[in-house]
Structure formats: C-alpha cells, structure tokens
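Chemist:
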Amino acid sequence: MIALSDYLILSSIVFCIGLAGIFINRTNIIMILMCVELILAAVNTNFIAFSFYGSDLAGQIFVFFILTVAAAEVAIGLAILTLMYRNRGSIDIDVTNTLKG
Amino acid sequence: MEFTSILFYVFSLFFVGSSLVMITSRNTAKAALWLILTFFSAASLWLLLEAEFLAITLILIYVGAVMVLFMFVIKMLDTEASTLRAQFTRYLPLGIFVSLVVIVQMALVLNAGPFDLETVGLPDQHGPSYSNITAIAQQLYTVYVYPFELAAILLLIAIIAAITLVHRTQLNSKKQNITEQINVQAKDRMRFASINKKSTKGSK
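Protein chains in written order, with the working numbering: chain G, 125 to 225; chain X, 6 to 209.
#1: Check whether chain X comes within 7 angstroms of Ser135/G, counting only Cβ atoms and requiring the distance to be less than that.
#2: Determine which residues share a DSSP beta bridge with Asn152/G and list them.
#3: For a test of the three-state rule: what should DSSP assign to Ile126/G, helix, strand or coil?
#4: Return no unless some Cβ of chain X is closer than 7 angstroms to the Cβ of Thr222/G.
#5: Please report the residue range of the alpha helix (DSSP H) in which Pro217/X lies.
#6: Please check the pair Ile172/G and Gly183/G, which I expect to be a contact at CB under 8 angstroms, by giving their CB distance rounded to whole angstroms.
#7: Relative to chain X, which residues along the segment 188–203 of chain G have a C-beta separation below 9 angstroms, given in chain order?
#8: Pop quiz: Phe77/X and Leu134/G are said to be a contact at Cβ under 8 angstroms. What is the actual Cβ separation, rounded to whole angstroms?
#9: Roughly how many whole angstroms lie between the Cα atoms of Thr124/X and Leu115/X?
#10: Please classify Thr169/X: is it buried, with 16 or more other beta-carbons within 10 angstroms of its beta-carbon, or exposed?
#11: Under the three-state reduction of DSSP, which class applies to Lys180/X: helix, strand or coil?
#12: Go ahead and label Ser23/X buried or exposed: buried means 16 or more other beta carbons lie within 10 angstroms of its beta carbon, across all protein chains shown.
#13: Rounded to whole angstroms, what is the Cα-Cα separation between Ile153/G and Leu105/X?
#14: When the Cα atoms are used, what is the spatial distance from Ile282/X to Phe45/X?
#15: Quick check: what's the CA-CA separation for Phe189/G versus Asp121/X?
#16: Select from Val103/X, Ala34/X, Asn201/X and Pro152/X the residue whose C-alpha is nearest the C-alpha of Phe139/G.
#17: Give the single residue among Tyr146/X, Ser178/X and Asn137/X whose Cα lies nearest to the Cα of Ser179/G.
#18: Distance check for Thr206/G and Ser87/X, CA to CA, integer angstroms please.
#19: Report all residues from its chain with a CB closer than 8 angstroms to the CB of Leu97/X; omit the five preceding and five following residues, and keep chain order.
#20: Do Ala48/X and Ala60/X come within 7 angstroms of each other at the CB atom, strictly closer than that value?
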C-alpha cells in the first residue's frame, strides 16, 4: 500500500522542481507565476495527504482556502503584468529597475 | 502490487515528468499546456486520497479558469522576446544547487521514518455511502463559516483590483464634475427667447 511518506516525497520533489523553475526562468514573469502555481499544487498535495492519513478534514478545508487565495493572486498578478507590458513594452524582469536604489 | 499503487505511480510519473518538462520549456505557451497536464495528474492523485471535491475544484478552477487566463495573457503579450531566452542557462547551476539543497533537507526529515506505514498506518476506510462533499460542506458551513465569507470578500477585492488595474478607457457612466457644477453661470442654464406677439395671437 502507499504510505504517507510516499506522498510526502512526491510533493517535495514537485516542490523542488517548482523552486528550480523559478531560478531557471528568472527573467520571465509568466513562468515565475506558473512555477508558483506548481509549488502551491505540491503543497496542497501535502495537505491532502496529511488530511487523508490523519482522518481530519481540516487539511482539505485549508486547501480550499489556498486555492481561493491563489486564484486571486493570479488574477492580480496577471493584471499587473498586463499593465507593465503596456507601460514598458516588455515583461522582462530586468527592465523593471525603477525602484532600484 | 495493488491496483491503487499502480495508479499512484502512474499519476506520480505524470506529475513529476510534466512539471519537469514545464520548467525547462522555452515556449511559454507550451509550458502552460504542460502545467495543465500537471494539474490533471495532481487532481488524479487527490482522487486517490478521497478528496473528490478538491480534485474537481482543481480541474474546474485551475484548468478551466486560471490556465485559460494564463493562455490569454501569453497570447496577448509578446513573450517570445529574444532577451527572455538568452539567459536561460545562466541561472541553471544556481537553480539545481538550491533545489538539491532543499531535496537533501527534506530527505533527511522524511527518511527518519516518522511517516512510514508502520508508524502512521492506513486510515479507516469509508463505506460507499460516504460523501466527501457532504463532509466538507458540514465543516465549511459550521466551523469555518467565517473564513468562508472572508474568502468571498477576498475574491471580490481581487475582482475590483484586477479591473481597476487594467481598465484604460473611460466608461460611459454618468458622474459628477464638481468644478463644472460650481463654476456654472445663470446664462449657461437659462436661455431667454424673445417671443413674437403676433405669432402667439395667431396660435390662439
């Protein structure tokens, strides 16, 4: 049978893949947003695995709220991205150095 | 090996493999499509964990709404700029190094054995009459009803913020112009017309 540790190892592998994706695609903001979604999916899998093996529904409720917050985050992030492209003509993260000291 | 174990390994293979292809993909649109496959396999894994409501929610919200939003933005913006591709391999060693450190740290915790089948064990099996949606709804509308309403307000704020950020042209709405109202003169609002007496008699 599949143990809890198998799910934990799986989600930690996917978490690290998402983390590496942020570093690899450092200049592309859309890819960074998608890697954040990947990391959230890994974390949610962790929550649900603990919820299943602990017979406690609180983990699934937590995943529900994480999904809500992630959807709001994506909507606002993509709106900011569209605004940035409109103002600067590029979504390269190296162009956005206005606030650099 | 049981059938559910085989399913677990197949879905895990898709989960890890498609996410690996996604982060190494140079085309952003293709990366979004691979991320959709990742979400599907994650939803399948959640089904194995008896979280049916969340699995359906993941497919409906993420694949149906969020990834479509991503595809819209990818197709509208010029993401194929050459500067985006040039620095692809520049941060590859750093990325591999950081993820290896995290993998080693997590492996040290997970290999210690507190989450093994002997320690944790399998949960109680639910009967066929068990409904995950009913169980979640009972929790959500009793214990977590206040956070649930806060989540609704959060989504409303997100809608308002997104519309306010990208909204460019003036809406055709009726609104007050205060300075125009203050500076108005009587001649702007009233018009004195000289009425001919003969024409008024003739109309009688």
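For glycine and all other residues, C-beta sits at the position ideal for the given N, C-alpha and C.
Computed from a prediction, not measured in an experiment: that's the story for all the values here.
Modeler: Let me lay it out:
#1: Counting from 1 along the first sequence, the entry for residue 135/G is found at position 11. Under the 7 angstroms criterion on CB atoms, Ser135/G is classed as non-interfacial with respect to chain X.
#2: Taking the first sequence and counting its residues from 1, one reaches residue 152/G at position 28. In DSSP, Asn152/G forms a bridge with Asp216/G.
#3: If you number the first sequence from 1, residue 126/G lands on position 2. If DSSP states are grouped into helix, strand and coil, Ile126/G belongs with coil.
#4: Counted from its first residue, the first sequence places residue 222/G at position 98. For Thr222/G, no Cβ of chain X is located within less than 7 angstroms of the residue's own Cβ.
#5: No answer is possible for residue 217/X: the residues shown for chain X start at 6 and end at 209.
#6: Taking the first residue of the first sequence as position 1, residue 172/G is located at position 48. Taking the first residue of the first sequence as position 1, residue 183/G is located at position 59. Yes, they are in contact, since the Cβ atoms of Ile172/G and Gly183/G sit about 6 angstroms apart, within 8 angstroms.
#7: Residues Phe188, Phe189, Leu191, Thr192, Val193, Ala194, Ala195, Ala196, Glu197, Val198, Ala199, Ile200, Leu202 and Ala203.
#8: For the purposes of this step, residue 77/X is taken as the residue at position 72 of the second sequence. For the purposes of this step, residue 134/G is taken as the residue at position 10 of the first sequence. Their Cβ separation, rounded to whole angstroms, is 31 angstroms, which puts Phe77/X and Leu134/G out of contact at 8 angstroms.
#9: Indexing the second sequence from 1 puts residue 124/X at position 119. Indexing the second sequence from 1 puts residue 115/X at position 110. Note on geometry: alpha-carbon atoms of Thr124/X and Leu115/X lie some 12 angstroms from one another.
#10: Locating residue 169/X in the second sequence gives position 164, where the first residue counts as 1. With a 10 Å radius around the Cβ and a threshold of 16 neighbouring Cβ atoms, Thr169/X comes out exposed.
#11: To locate residue 180/X, count along the second sequence from 1; it is residue 175. Reduced to three states, the DSSP call for Lys180/X is coil.
#12: Counted from its first residue, the second sequence places residue 23/X at position 18. By the neighbour-count rule (16 or more Cβ atoms within 10 Å), Ser23/X is buried.
#13: One-based indexing of the first sequence puts residue 153/G at position 29. One-based indexing of the second sequence puts residue 105/X at position 100. C-alpha separation (whole angstroms): 23 angstroms.
#14: Residue numbering for chain X in the displayed model covers 6 to 209; residue 282/X lies beyond these limits and cannot be assessed.
#15: Translated into the one-based positions of the first sequence, residue 189/G becomes position 65. Translated into the one-based positions of the second sequence, residue 121/X becomes position 116. Straight-line Cα distance between these residues: approximately 28 angstroms.
#16: In the first sequence, residue 139/G corresponds to position 15, counting from 1. Comparing C-alpha distances from Phe139/G to each of Val103/X, Ala34/X, Asn201/X and Pro152/X shows the shortest one belongs to Val103/X.
#17: Sequence index remark: in the first sequence, residue 179/G carries index 55 (1-based). Among Tyr146/X, Ser178/X and Asn137/X, the Cα nearest to that of Ser179/G is on Asn137/X.
#18: Taking the second sequence and counting its residues from 1, one reaches residue 87/X at position 82. Taking the first sequence and counting its residues from 1, one reaches residue 206/G at position 82. Reliability fails at Ser87/X, whose pLDDT of 47 lies under 50, so the model's placement of it is uncertain and the value that follows must be treated cautiously. If I take the Cα positions, the gap works out to 19 angstroms.
#19: One-based indexing of the second sequence puts residue 97/X at position 92. Here Leu97/X has no same chain residue with a Cβ atom under 8 angstroms from its own Cβ, once five neighbours each way along the sequence are excluded.
#20: Position 55 of the second sequence, counted from the first residue, corresponds to residue 60/X. Position 43 of the second sequence, counted from the first residue, corresponds to residue 48/X. Yes, the Cβ-Cβ distance between Ala60/X and Ala48/X is below 7 angstroms.
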